[in-house]
Amino acid sequence: MTECFPDVDQVKYEGPDSKDPLSFKYYDPERSIGGKTMEEHLRFSVAYWHTFTHDGSDPFGSGTMRRPWNDIADPMERAEARVDAAFEFMEKLRIPYFCFHDRDIAPRGDSLAETNENFDAIVDRMQTKMAETDIDLLWGTAQLFLEPKYAHGAATAPNADVFAHAAAQVKQAMDVTNRLGGENFVFWGGREGYKTLLNTDMDLELTNMGRFLRMAADYADDIGFDGQLLIEPKPKEPTKHQYDFDAAAVLAFLRDHGLDDRFNLNLEANHATLAGHTFQHELRYARINDALGSIDANQGDKLLGWDTDQFPTDVYATTLAMYEILENGGLEPGGLNFDAKLRRESFEPVDLFHGHIAGMDAFARGLEVAHEIRSTGEFADVLEDRYESYQTGIGTDITEGRTDLESLASYALENEDINVRSGRQERLKALLNSYILES
Ligand code: XUL
Ligand code: CO
């Protein structure tokens with residue numbers, strides 16, 4: 054078959070001085086940092102839906118993306134051509150992973166049985182391509198939000214037939230993910246939320262979501278799927294209030310339903326900002342709760358309040374994200390999936406390369422800087438100093454559980470000469486800048 058990207062050769066590392074826009078300036082897959090190669094640290098993945106399926110349409114205009122493989126009239130032939138385009142693209146960028154929703158890769162049929170057949174046939178083609186290349190599946194997921202039947206949700210829908218249909222879809226998507234050796238399976242609660250509480254039985258909906266996830270985890274065990282199960286938080290869009298609001302809300306939900314041992318979190322940068330958090334906040338919250346599973350890498354726009362899913366280019370943010378990932382001991386079996394799409398004005402196929410190269414370089418540079426910050430230990434020392442009072446005396450009495458309000462009140466009466474120190478925020482931000490700009 055003819056190439057889909059004939060004007061692009063293998064993209065290689067050429068270093069920061071290269072003037073070739075189709076080269077990596079910072080991402081050098083082979084380079085070792087702290088005992089692992091960049092490729093092993095970063096575990097980059099392409100999002101099939103944004104990169105190969107999305108046409109660039111928005112609520113104000115139709116598709117703009119020039120995608121030769123999507124011009125084929127027959128839906129199955131189009132889906133096959135898309136697989137070929139995807140593998141050519143990933144090989145040219147040397148991206149080791151991809152992620153998909155069941156409905157991104159194959160067309161719906163006239164019945165669920167026919168849809169499942171289409172899905173299996175396209176998966177066969179993917180399986181062949183995966184065997185011929187070094188490309189693996191980071192995660193699969195079921196698309197439980199596009200069809201009209203999911204207007205009120207899937208697992209939290211008011212209609213039990215919808216709940217059953219969603220279960221059938223998850224079963225099939227999990228079978229396929231398992232067949233392809235997928236390393237994770239993701240649940241993003243597309244329409245699991247509400248628009249108005251006036252028509253919503255929140256208690257039943259949340260309990261049903263717990264039941265649904267329990268059945269999914271049991272099914273994963275039944276079929277011997279040993280990948281990681283992940284929930285992806287998002288506070289709003291498409292619903293006004295999504296149940297999986299943020300990392301804290303999802304962890305509370307999982308604990309409430311006894312599911313916290315089975316699920317970790319897939320955290321997305323733009324979802325964090327929609328929730329009013331930094332990406333670093335979400336990563337930190339998950340990390341300290343041993344629940345940081347994987348990442349959907351992108352960024353929002355400070356001037357727009359929605360999920361713009363832009364390619365991540367903010368090195369400040371990627372540095373802080375990589376700091377959390379390194380502190381977490383890495384992401385494996387998770388990875389760094391570019392859940393990012395081109396602006397609809399960037400419609401040429403080559404823009405797909407520019408977007409991914411920009412994101413890969415931003416994370417590679419973030420990795421370098423974060424590693425340097427950890428090696429010098431300057432920021433770790435700041436924390437140690439700041440919390441020093443918990444290392445001795447009354448501090449260890451508190452942390453080791455030897456105090457109560459009465460003993461603390463007696464202590465406070467005798468110790469009113471309290472030494473409160475400056476937080477030195479501005480100094481620390483300048484220090485971080487010096488690592489980003491100079492290390
Ligand atoms: C939606 C989103 C999804 C999930 C997978 O905002 O991020 O694409 O990543 O369903
Ligand atoms: Co996502």
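If you're matching positions, the sequence shown starts at 54 in the working numbering and goes up one per residue.
Each residue gets a CB set at the ideal place from its N, CA and C atoms; glycine is no exception.
Three-state secondary structure (DSSP) at residue i?
i: residue 75; result: coil
i: residue 199; result: coil
i: residue 58; result: coil
i: residue 102; result: helix
i: residue 236; result: coil
i: residue 63; result: coil
i: residue 359; result: coil
i: residue 345; result: strand
i: residue 89; result: strand
i: residue 263; result: helix
i: residue 296; result: coil
i: residue 254; result: coil
i: residue 381; result: coil
i: residue 285; result: strand
i: residue 390; result: strand
i: residue 97; result: strand
i: residue 448; result: helix
i: residue 80; result: coil
i: residue 269; result: helix
i: residue 419; result: helix
i: residue 350; result: strand
i: residue 470; result: coil
i: residue 488; result: helix
i: residue 404; result: helix
i: residue 443; result: helix
i: residue 111; result: strand
i: residue 277; result: coil
Check whether the Cβ of residue i sits closer than 7 Å to any heavy atom of the ligand XUL, and report yes or no.
i: residue 287; result: yes
i: residue 205; result: no
i: residue 354; result: no
i: residue 122; result: no
i: residue 360; result: yes
i: residue 429; result: no
i: residue 176; result: no
i: residue 330; result: no
i: residue 218; result: no
i: residue 94; result: no
i: residue 310; result: no
i: residue 154; result: yes
i: residue 229; result: no
i: residue 194; result: yes
i: residue 239; result: yes
For residue i versus residue j, is the C-beta spacing smaller than 8 Å?
i: residue 403; j: residue 176; result: no
i: residue 327; j: residue 355; result: no
i: residue 464; j: residue 452; result: no
i: residue 172; j: residue 157; result: no
i: residue 351; j: residue 304; result: no
i: residue 189; j: residue 234; result: yes
i: residue 77; j: residue 470; result: no
i: residue 182; j: residue 240; result: no
i: residue 419; j: residue 368; result: yes
i: residue 95; j: residue 461; result: no
i: residue 245; j: residue 297; result: yes
i: residue 315; j: residue 270; result: yes
i: residue 119; j: residue 400; result: yes
i: residue 278; j: residue 243; result: no
i: residue 422; j: residue 488; result: yes
i: residue 142; j: residue 373; result: no
i: residue 336; j: residue 283; result: no
i: residue 195; j: residue 215; result: no
i: residue 323; j: residue 275; result: no
i: residue 391; j: residue 110; result: no
i: residue 207; j: residue 238; result: no
i: residue 301; j: residue 338; result: yes
i: residue 221; j: residue 165; result: yes
i: residue 310; j: residue 263; result: yes
i: residue 64; j: residue 410; result: yes
Which residues are close to the ligand CO, meaning CB closer than 5 Å to any heavy atom, in chain order? Counting only residues whose CB is nearer than 5 Å to a non-hydrogen atom of the ligand CO, the list in chain order is 321, 349, 392.
Ignoring anything shorter than 4 residues or poking outside the region 132-215, list the alpha helix (DSSP H) runs there in chain order. The alpha helix (DSSP H) runs of length 4 or more contained entirely in the region 132-215 are, from start to end of the chain, 155-158, 165-185.
Report the start-end ranges of each alpha helix (DSSP H) in the region 296-338 that is 4 residues or longer and not cut off at the edges. The DSSP assignment places complete alpha helix (DSSP H) segments of no fewer than 4 residues inside the region 296-338 at 300-309, 322-327, in order along the chain.
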